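Enquirer: Here it is, the structure in full.
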Amino acid sequence: MVQVKDDIIVWQTGNEVCQQDIELETVPLSQESAFVLWQKDIPEEYWSLTADEMKERIRIAREKLGSRLVVLGHHYQREDIIQFADFKGDSFRLSQWAAERDEAEFIVFCGVHFMAEAADILSKPHQKVLLPNMSAGCSMSDMANPDDVLYCWEQLDSVGLASTTTPVTYMNSTASLKALCGQNGGIVCTSTNAPPVLKWAYEQRPRVLFFPDQHLGRNTGIKLGIPLDEMVVWDPRQPLGGNTLEQLERSRIILWRGWCSVHTRFSVEQINQARAKYPDIKIVVHPECVMEVVQAADCNGSTEFIARTITDSPPGSKWAVGTEVNLVSRLARENPDKLVFCLDPVVCPCSTMYRIHPAYLCWVVENLAEGKIVNHLVVPEETARWAKIALDRMLEVR
Ligand code: 13P
Ligand code: SF4
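Numbering of the sequence shown is given in our numbering, commencing with residue 111 and proceeding in unit increments.
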C-alpha cells in the first residue's frame with residue numbers, strides 16, 4: 111500500500127512501513143507490491159558532480175552538522191563511501207553501536223535495508239536513521255517473505271511442533287520476522303554469534319527453525335555437532351516445506367531455503383586452485399558459503415572476523431578470501447605486505463550494497479544540513495517492540 115500525506119510517502123513492504131518525502135506527481139503506483147523497496151529520483155545535479163566535488167560538498171554538510179550526525183558503514187561498502195564512515199563494522203558491531211551510542215541525532219546508515227532497520231529498532235527515540243538509498247535491500251532477506259514464514263510457523267503449530275521449536279532469524283531479514291521471533295520465544299543471530307545463539311536456542315527448546323540462510327544455519331549446526339540427517343530444508347512452496355511429518359519430528363534444525371547469491375559463488379574447486387598455486391596459502395570464507403566450501407577453508411567467520419584475521423596475520427602471509435570483493439580489495443590495499451585476493455576470479459560485488467552511491471549520501475547529508483530529513487527509515491512501533499525483544503536477547507548472548 112502506498113499513501114501520500116503532505117510531502118511524505120509511506121509504503122508497506124511485507125509488514126513494514128517505510129517513509130520518505132516526495133513530490134506528489136512522482137509516486138509510482140506500481141510500488142504497491144510487497145517487497146519492493148523504492149528510491150525516489152534525486153535531483154539531476156548530483157549525478158553530474160565529480161568525485162572531488164561530491165567529497166567537498168559532503169565535507170561541508172558534515173561540518174555544519176557536527177556531532178549531530180554519525181555515518182555508519184558496513185564492510186562491503188565501496189571506498190567512495192567507506193571514506194566517510196565514522197565507524198565501520200560487520201552487522202553485529204554496527205547493531206551494537208546503535209544500541210550503545212546515543213550522542214548522534216542522525217545516523218546515516220551506509221549498508222542495506224535490514225541493517226538500517228535494526229539500527230532504528232535499537233537506537234534511542236531521539237535518534238533518526240537514514241538510509242541513503244531506500245532500494246539497497248538484500249536478496250537473501252527477500253527470500254524469506256514474512257507471510258511465508260508465518261505460514262510455516264502456523265503449519266509447525268498445526269502439527270504440534272511449534273512448542274518444541276525456537277525460531278531463529280539471521281540479522282539479514284525484515285523487522286517483522288525479527289518480531290515473529292520476539293513474539294515466539296526466539297532470537298536473532300549474526301554471523302558473529304550464530305553458534306552461541308543457537309546454543310541458547312537449544313537451551314529453550316529441542317529444535318530450531320532457522321531462516322533465511324540455509325547455509326549459515328547448516329554450517330552453524332555442524333559446528334554444534336548436529337548430524338546432517340537431523341537437518342531438513344523447508345521449501346516455502348511445498349506443504350510442510352516438502353518434508354514428511356516424521357522427518358520434521360526427528361529434525362533438530364529446520365533450514366529455510368534461502369541463500370546469498372554472492373557467497374554461493376565460491377566453490378571447492380576455487381579453493382583447490384588457490385592451494386595448487388600457493389601451497390602455503392590460507393583460505394578464509396564467510397559462513398554464508400556452502401558447507402563444502404566452509405569445510406575446505408582454513409577458517410570462517412563474519413566480515414569483521416575476516417578483516418581481523420588478515421590484518422593480524424604476520425607479514426608475508428597469503429590469503430584467498432571467500433567474501434564480497436569490496437572488502438577483499440580493501441584488505442589487499444591495507445595489507446601491502448601480504449598477498450590477499452578474492453577466491454572468485456570473476457568479480458562478485460554485492461549489487462544491493464553497491465546501490466549506496468556517493469550521490470545519494472551527498473543528497474541525504476546536504477538535506478540534513480538544511481534541516482530537511484529525507485529517507486528516514488521508521489519501523490512501525492508494534493513491530494519494533496517485538497523485534498527489539500529478539501535483538502536484545504541476541505545482544506545478551508555471550
Ligand atoms: P556480516 O554480519 O558478517 O557483516 O555479514 C553481513 C552480510 O550480509 C554478509 O553477506
Ligand atoms: Fe545480502 Fe548477500 Fe549482499 Fe550480504 S552479500 S547483503 S547476504 S545479498
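Glycine included, every Cβ here is placed at the ideal spot set by N, Cα and C. Computed from a predicted structure; not experimentally measured.
#1: Can you give the beta carbon distance from Asn243 to Arg465, rounded, assuming they're within the 8 Å contact cut?
#2: Under 7 Å, CB to any heavy atom of the ligand SF4. Which residues pass, going along the chain?
#3: How would you write the range of the alpha helix (DSSP H) that Gly327 sits in, first residue to last?
#4: Taking 8 Å as the cut-off, does the stretch 358-375 touch the stretch 419-428 (at least 3 CB pairs, one atom from each stretch)?
#5: Would you say Asp454 touches the ligand 13P, meaning its beta carbon is less than 7 Å from a heavy atom?
#6: If you measure between the beta carbons of Cys409 and Gly351, is that distance less than 8 Å?
#7: Report the option in Lys333, Gly335, Asn294 whose CA atom is closest to the CA atom of Arg513.
#8: Leaving out the 5 sequence neighbours to the left and right, which residues in its chain are closer than 6 Å to Gly292 when beta-carbon positions are compared?
#9: Would you kindly work out how many angstroms separate the C-alpha atoms of Thr374 and Cys399, rounded to a whole number?
#10: Identify whether Ala214 lies in helix, strand or coil by the three-state DSSP scheme.
#11: Whose C-beta lies closer than 8 Å to the C-beta of Leu175 among residues of the same chain, with five residues either side of it excluded?
#12: Output the distance between the C-alpha atoms of Thr160 and Pro459, rounded to the nearest integer angstrom.
#13: Have a look at the DSSP bridge pairing and note the partners of Trp366.
#14: Given Arg172, which residues of its chain have a CB within under 7 Å of its CB, disregarding the five upstream and five downstream residues?
#15: Between the alpha carbons of Leu308 and Met341, how many angstroms are there, rounded?
#16: Assuming Leu241 and Asn485 form a contact by the criterion Cβ under 8 Å, report the distance between their Cβ atoms to the nearest whole angstrom.
#17: Would Val318 and Val259 qualify as a contact pair, given that the criterion is a beta-carbon distance under 8 Å?
#18: Excluding sequence positions up to five away, which residues of its chain have a Cβ less than 6 Å from the Cβ of Tyr470?
#19: Within 10 Å of its beta-carbon, does Phe197 have 16 or more other beta-carbons around it, so buried, or fewer, so exposed?
#20: Trp496 by DSSP, collapsed to three states: which one?
#21: Name, in chain order, the residues that DSSP records as bridge partners for Val438.
#22: How many angstroms separate the CA atom of Ile152 from the CA atom of Trp473?
#23: Using three-state DSSP, classify Trp207 as helix, strand or coil.
#24: Which value, in whole angstroms, describes the spacing of the CA atoms of Tyr583 and Lys448?
#25: Apply the 10 Å Cβ neighbour rule to Leu338 and answer buried if 16 or more other Cβ atoms are within range, or exposed otherwise.
#26: To the nearest angstrom, report how far apart Arg360 and Thr275 are at their CA atoms.
#27: Just jot down, in chain order, the residues whose CB lies closer than 5 Å to any heavy atom of the ligand 13P.
#28: Mapping DSSP to helix, strand and coil, what is Ile168?
#29: Would you say Leu437 faces chain C, with C-beta separation under 8 Å as the test?
#30: In the structure shown, what three-state DSSP assignment does Thr374 receive?
#31: Indicate whether Ala289 and Glu227 have their beta-carbon atoms separated by less than 8 Å.
#32: In chain order, which continuous runs of the alpha helix (DSSP H) of length 4 or greater are located wholly inside the stretch 382-429?
#33: Measure the C-alpha to C-alpha separation of Asn445 and Pro389 and round it to an integer number of angstroms.
#34: At the level of alpha carbons, what is the spacing between Pro235 and Ala417?
Expert: Looking at the coordinates:
#1: That belief holds up - the Cβ atoms of Asn243 and Arg465 are roughly 5 Å apart, short of 8 Å.
#2: Spelled out in chain order, the answer is Tyr186, Val222, Cys248, Ser249, Met250, Ser251, Asn282, Cys370, Ser371, Val372, His373, Glu398, Glu434, Cys460, Thr462, Met463.
#3: Its alpha helix (DSSP H) spans residues 324-333.
#4: Taking 8 Å as the limit for Cβ pairs, the verdict is that the stretch 358-375 does not touch the stretch 419-428.
#5: Result no, Cβ not under 7 Å from the ligand 13P.
#6: No, Cβ-Cβ distance for Cys409 and Gly351 is not below 8 Å.
#7: No information on residue 513 is available, as it lies outside the stretch 111 to 508 that the chain covers here.
#8: Cβ neighbours of Gly292 beyond the five flanking positions: Trp496, Ala497, Ile499, Ala500.
#9: A straight line joining the alpha-carbon of Thr374 with that of Cys399 spans about 5 Å.
#10: Here Ala214 sits in coil by DSSP.
#11: So the list reads Phe216, Val475, Leu478, Ala479, once near-sequence residues are dropped.
#12: Looking at the two C-alpha atoms, the distance is approximately 23 Å.
#13: The partner list for Trp366 (beta bridge, DSSP) reads Trp344.
#14: The answer, listed in chain order, is Leu179, Val475.
#15: Approximately 14 Å, taken between the alpha carbons.
#16: The distance from the Cβ of Leu241 to that of Asn485 is about 5 Å, consistent with a contact at the 8 Å cut-off.
#17: In this structure, Val318 keeps its C-beta atom at 8 Å or more from the C-beta atom of Val259.
#18: Within the same chain, Tyr470 has close Cβ partners Pro242, Asn243.
#19: Under this definition Phe197 is an exposed residue.
#20: The answer is helix: DSSP assigns Trp496 an H, G or I state.
#21: Paired residues: none, contrary to the question.
#22: A direct Cα-to-Cα measurement between Ile152 and Trp473 gives close to 7 Å.
#23: Residue state, collapsed to three classes: helix.
#24: Missing from the structure shown is residue 583; the chain here goes from 111 to 508 and no further.
#25: Classification for Leu338: exposed.
#26: Cα to Cα, Arg360 sits roughly 12 Å from Thr275.
#27: A residue is listed when its beta-carbon falls short of 5 Å from at least one non-hydrogen atom of the ligand 13P; in chain order these are Asp200, Ser201, Thr300, Ser301, Ser412, Thr413.
#28: Note: Ile168 maps to helix in three-state DSSP.
#29: The structure shown contains no chain C; it is built from a single protein chain.
#30: Helix.
#31: No, the Cβ-Cβ distance between Ala289 and Glu227 is not below 8 Å.
#32: Runs found: 401-406, 413-421.
#33: Approximately 20 Å, taken between the alpha carbons.
#34: Pro235 and Ala417: Cα-Cα distance of roughly 32 Å.
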